[in-house]
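Residue numbers (the working numbering): 7 to 308.
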């Protein structure tokens, strides 16, 4: 195993532990009901943890401070995003992610110990845009807190993912489309992936285990190769309407090995995120296509 592969495995394991910890905390707190009541969880940690909000403009989305004098943490969150898109009077979905992310820094032992030891505040912005290991761990915790495994996994695996189903999950769990898409892909038993496009470039990608087990690996970050995705990005970036679903050849998105080495068609679902200047693309692979390649390999061996 190369150093890069080992580093990836370690990071993946840490993120998985963070997700599992979030679910365990919710279960212990008796809050395992969607949508998750984050402030009810904060209240259970009082007086060691208190929360304050305000319009901090572009300074930060969330901030966690440790005050040694009172042996207390203060979680600040920015309310500049306004109220929820779906639920009247509720926090905006990005605000909910911010609160959940900062709770990750509070509940993850190493993060909390660092803040106590250094006595420094920790500020965060946005969701799933940081490359730092600590931030990715907190992002993973946030996703697991807002959409715990015990609740989302059974829903996702009722069928293959589509844009419509993901929007339904986002509404059900009161989360952003970005969070719902990533979380759905990671818990899906079906072969699929999600990529984020900014400035016409793929900036990150998440794949389901089923896709990796089929030896289909996403292409590296960089320019889009799918002609249909390029057109959709151009439409999105110029303020025009985009299609919700199109098809493309698999080699525009993946390098496939083993039995699945031929090109096949995949479904592309486009989910615009205007506030982040981002276009999400959910790529769904038919299980039948994957299985047919394995059947052909078995037939050729007989």
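Every residue, glycine too, gets a C-beta built ideally from N, C-alpha and C.
- By the neighbour-count definition (other C-beta atoms within 10 Å, threshold 16), residue 222 is a buried residue.
- According to the DSSP secondary-structure assignment, residue 276 is paired through a beta bridge with 287.
- Looking from the CA of residue 55, the closest CA among 68, 73, 38, 165 belongs to 73.
- Take residue 62, set aside five residues on each side of it, and the residues of its chain with a beta-carbon closer than 6 angstroms to its own are 84, in chain order.
- Under the three-state reduction of DSSP output, residue 97 falls in the strand class.
- With contacts defined as CB atoms closer than 8 angstroms, residue 199 and residue 289 qualify as a contacting pair.
- The beta-bridge partner set that DSSP reports for residue 208 consists of 203, 228.
- In this structure, 192 is the residue among 205, 48, 207, 192 with its C-alpha nearest to the C-alpha of residue 149.
- Residue pairing from DSSP places residue 84 in a beta bridge opposite 60.
- Put simply, the region 211-222 does not touch the region 230-241. Fewer than three CB pairs are less than 8 angstroms apart.
- In the DSSP assignment, residue 73 is bridged to 78.
- According to the DSSP secondary-structure assignment, residue 223 is paired through a beta bridge with 261.
- Measuring C-alpha to C-alpha distances from residue 117 to each of 97, 173, 144 identifies 144 as the nearest.
- Remark: C-beta atoms of residue 248 and residue 230 do not approach each other more closely than 8 angstroms.
- Membership of residue 252 in the beta strand (DSSP E) is indicated by the continuous run 251-255.
- Put simply, the region 41-52 does not touch the region 164-176. Fewer than three CB pairs are less than 8 angstroms apart.
- In the structure shown, residue 55 falls within a strand segment according to DSSP collapsed to helix, strand and coil.
- If the five residues before and after residue 58 are omitted, its C-beta is found closer than 7 angstroms to the C-beta atoms of 80, 82, all from its own chain and listed in chain order.
- Counting only the Cα atoms, residue 40 lies some 11 angstroms from residue 176.
- The beta carbon of residue 264 sits closer than 7 angstroms to those of 221, all from its chain and outside the five residues before and after it, given in chain order.
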